[in-house]
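Worksheet for the structure shown next.
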Amino acid sequence: MNSTVVSTGTAMEFRKSRPSESALPLLDSHVDAAKRRIELVVSPSARASLATLHQMEATLNDGTPDWRVVIIPPPRPLPPVLFTRGSADLGVSQTGTLEDLAWAMRHWGSSLGHAPLGQQRRADRGSRQQ
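Going by the numbering used here, the first residue of the sequence shown is number 692, and it counts up by one from there.
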């Protein structure tokens with residue numbers, strides 16, 4: 692059984708269920724009722740793209756105005772940001788890709804109070820050297 696989140700209109704329902712095509716598999720979740728904040732850490736097995744996860748977070752936040760929903764995407768290779776041939780300008784379609792990358796990197800740095808990935812690696816190296 693996997694944890695999943697299902698958005699139904701303006702309500703969010705967390706449940707244990709069998710994986711399905713439309714379910715978002717979670718690695719972890721954290722609900723802070725005092726701060727009215729929900730963090731959902733997406734499993735690496737999720738097939739959703741960064742753009743889809745980013746849009747899903749926006750949709751959940753629009754549907755739950757009294758709560759802040761944060762979706763932490765799984766670490767994975769990032770899509771390339773392509774420039775217009777012979778130019779230093781981004782293509783129009785690439786602006787969205789760049790926004791999705793920035794969103795993912797901000798969220799990787801905030802997941803469940805952990806240090807950003809780069810800081811975590813430095814901390815891991817320091818503990819191995821001792």
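Even for Gly, the Cβ is constructed at its ideal location relative to N, Cα and C.
Given the structure is predicted, the values throughout are model-derived calculations rather than measurements.
- Between Ala742, Val760, Asn752, which lies nearest to Ile729 when the distance is taken from Cα to Cα? Looking up residue 729 in the sequence shown gives position 38. When only C-alpha atoms are compared, the closest one is Val760.
- Message: I'd like the list of long-range same chain contacts for His798, defined as Cβ closer than 8 Å, with 5 residues on each side in sequence excluded.
- Response: In the sequence shown, the residue the question calls residue 798 occupies position 107. Contacts found: Val761, Ile762, Ile763, Pro764.
- Query: Do Leu741 and Asp791 come within 8 Å of each other at the CB atom, strictly closer than that value?
  - Reply: Here residue 791 is taken as the residue at index 100 of the sequence shown, counted from 1. Here residue 741 is taken as the residue at index 50 of the sequence shown, counted from 1. Cβ atoms of Asp791 and Leu741: closer than 8 Å.
- For Leu789, which of Val732, Leu717, His745, His721 has the nearest alpha-carbon? Here the question's residue 789 lines up with position 98 in the sequence shown. Nearest option by C-alpha distance: His745.
- Item | Selected residue, minimal CA-CA separation from Asp723, among Ser784, Gly787, Trp758, Val733 | The sequence position of residue 723 within the sequence shown is 32, counting from 1. Looking at the Cα atoms, Trp758 is the closest of the given residues.
- Spatial neighbours of Val772 in its chain, beta-carbon cut-off 6 Å, leaving aside the 5 residues before and after: Along the sequence shown, one-based indexing puts residue 772 at 81. Closer than 6 Å at the Cβ level, and outside the excluded window around Val772, lie Gln785, Thr788, Leu789.
- Based on Cα-Cα distance, which residue from Leu731, Arg738, Pro768, Ser778 lies nearest to Glu748? The residue labelled residue 748 in the question sits at position 57 within the sequence shown. When each option's Cα is compared against that of Glu748, the closest is Leu731.
- Item | Beta-carbon spacing of Leu717, Ser734 below 8 Å | The count along the sequence shown starts at 1 and reaches residue 717 at position 26. The count along the sequence shown starts at 1 and reaches residue 734 at position 43. Remark: C-beta atoms of Leu717 and Ser734 approach each other more closely than 8 Å.
- What's the C-alpha gap between Thr755 and Ser736? Residue numbering aside, residue 755 sits at position 64 when the sequence shown is read from its first letter. Residue numbering aside, residue 736 sits at position 45 when the sequence shown is read from its first letter. Spanning the two alpha carbons is a distance of roughly 26 Å.
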